[in-house]
Amino acid sequence: MDKKRVFSGIQASGSLHLGNYLGAVSNWVKMQEEYDNYFCVVDLHTITVYQEPKQLRAAVREVAGLLFAAGIREERSVVYVQSHVRAHSELAWILNCITPMGWLHRMTQFKEKSDQHKEEVSVGLFDYPVLQAADILLYDTHLVPVGEDQKQHVELCRDIAQRFNFRYGDVFTLPEAFIPPVGGRVMGLTNPEKKMSKSEEKLDDAIFLLDPPDRIRSKIKKATTDSLKEIRFDESRPGINNLLTIYQLLTGKEKESVENYFADKSYKDLKEELAEVVIESLKPLQERYKELTGEKGYLDSMLERGAERAESYAERKLQKIYRKIGLR
Ligand code: AQP
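This note's numbering applies: residue 73 is where the sequence shown begins, and numbers increase by one.
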């Protein structure tokens, strides 16, 4: 039987952080042997909020490099940049024409982001989930491994696909979100009520994958905790809960064994040990990143090959869609 297909995307709105890694990328790495995979740096999504061109160009390369450094392999996965495959934008337009505005008004991420970028809420930001639906549907995707925050968008994608199939016949596969049981929502360090985020202005809130050891130590040291002493998983104490969750995910231990281990220790001990675990976990990734970006042209040629492979699938699908709706 053919393998099921996985698609997921990641923005180049800043450096990748532990939330992106634990909620998304590390699962992509684990899943890639079992599925047919398409992983995309979604630069067209990124420009829904203004990006300085030079910085954007650099960020796209950095994010792509980090995917490979984290363990995504060219032999198992197609890795490419969204704007290199035109079919994404073309399908997004077609889907725009069948998506009711009311469906988009319900998207909580739009509400949050439009509050953040009040002075400049673009049509693109509003339309973001439709482009995301195009990304997913172009590749007949079965599974979309994402963090909790993206669940609503994947559900919307299913609704759009169903509406299209109802009107024009069975064209799209209905995708499902795949959300990790733990790690789907890594919270900010200084504000553990909010998810860790790339574009958060307070830079100490996120641990970036390329942060050097001293930065990691100092950020974790400043992480918000509470006035209690007991170290255990408890969602009503978001700071400690978040630090323990990060520790658990990186060490692969069970919750109970993490709690037993820290039973007689202080918050200071927890923070110090967590910092060392994070530093050691990121070290191999940081070394690989240095190697593969050190060789001129290496990353670019991997991305060119990825775009060619993605394009050959997407273009065929798009032609079929054009025929179905009467444009060919
Ligand atoms: N804090 C998080 N915890 C778990 N998963 C997370 N993801 C993002 N933040 C967390 C998951 O990472 C994948 C890629 O995310 P994205 O690049 O599409 O951006 P985003 O969801 O909008 O997250 P960011 O990193 O916070 O970016 P900005 O600040 O630009 O909005 C997704 O699967 C996401 O679920």
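Each residue gets a CB set at the ideal place from its N, CA and C atoms; glycine is no exception.
Using the rule of at least 16 other Cβ atoms within 10 Å of the residue's Cβ for burial, across every protein chain shown, is residue i buried or exposed?
i	result
residue 173	exposed
residue 92	buried
residue 154	buried
residue 254	exposed
Can you give the Cα-Cα distance for residue i and residue j, rounded to whole angstroms?
i	j	result
residue 355	residue 317	20 Å
residue 78	residue 260	28 Å
residue 396	residue 111	27 Å
residue 25	residue 331	Beyond the ends of the chain as shown, which are 73 and 400, falls residue 25; an answer cannot be given.
residue 215	residue 385	17 Å
residue 239	residue 233	10 Å
residue 83	residue 202	15 Å
residue 230	residue 175	12 Å
residue 251	residue 209	18 Å
residue 361	residue 221	27 Å
residue 340	residue 293	8 Å
residue 344	residue 130	33 Å
residue 268	residue 219	11 Å
From the options, pick the residue whose C-alpha is nearest to that of residue i; which is it?
i	options	result
residue 227	388, 241 and 204	204
residue 90	181, 359, 314 and 330	314
residue 350	322, 371 and 330	322
residue 118	199, 187 and 242	199
residue 409	109, 394, 357 and 326	In the structure as shown, the chain begins at 73 and stops at 400. Residue 409 is therefore absent and cannot be evaluated.
residue 148	164, 329, 190 and 107	107
residue 141	101, 306, 188 and 159	101
residue 86	278, 219 and 306	278
residue 379	104, 158, 248 and 120	158
residue 213	81, 368 and 372	81
residue 382	338, 160 and 177	160
residue 123	103, 348, 189 and 342	189
residue 288	132, 257 and 353	353
residue 310	276, 257 and 334	257
residue 281	105, 336, 109 and 136	136
residue 132	298, 268, 301 and 88	88
Strictly under 8 Å for the Cβ-Cβ distance: is residue i near chain C by that measure?
i	result
residue 229	You won't find chain C in this structure, because it holds only one protein chain.
Examine the ligand SAM and report whether any of its heavy atoms sits within less than 7 Å of the Cβ of residue i.
i	result
residue 292	Although the ligand SAM was asked about, the structure shown includes only the ligand AQP as ligands.
| query | Whole beta strand (DSSP E) runs in the segment 104-149 with 3 or more residues, listed along the chain? | reply | 108-113
| request: Any chance you could list the alpha helix (DSSP H) runs of at least 4 consecutive residues sitting entirely within the segment 283-308, in chain order? | output: 285-293
| request: Within the segment 177-202, note down every full alpha helix (DSSP H) run reaching 4 residues or more, in order along the chain. | output: 180-188
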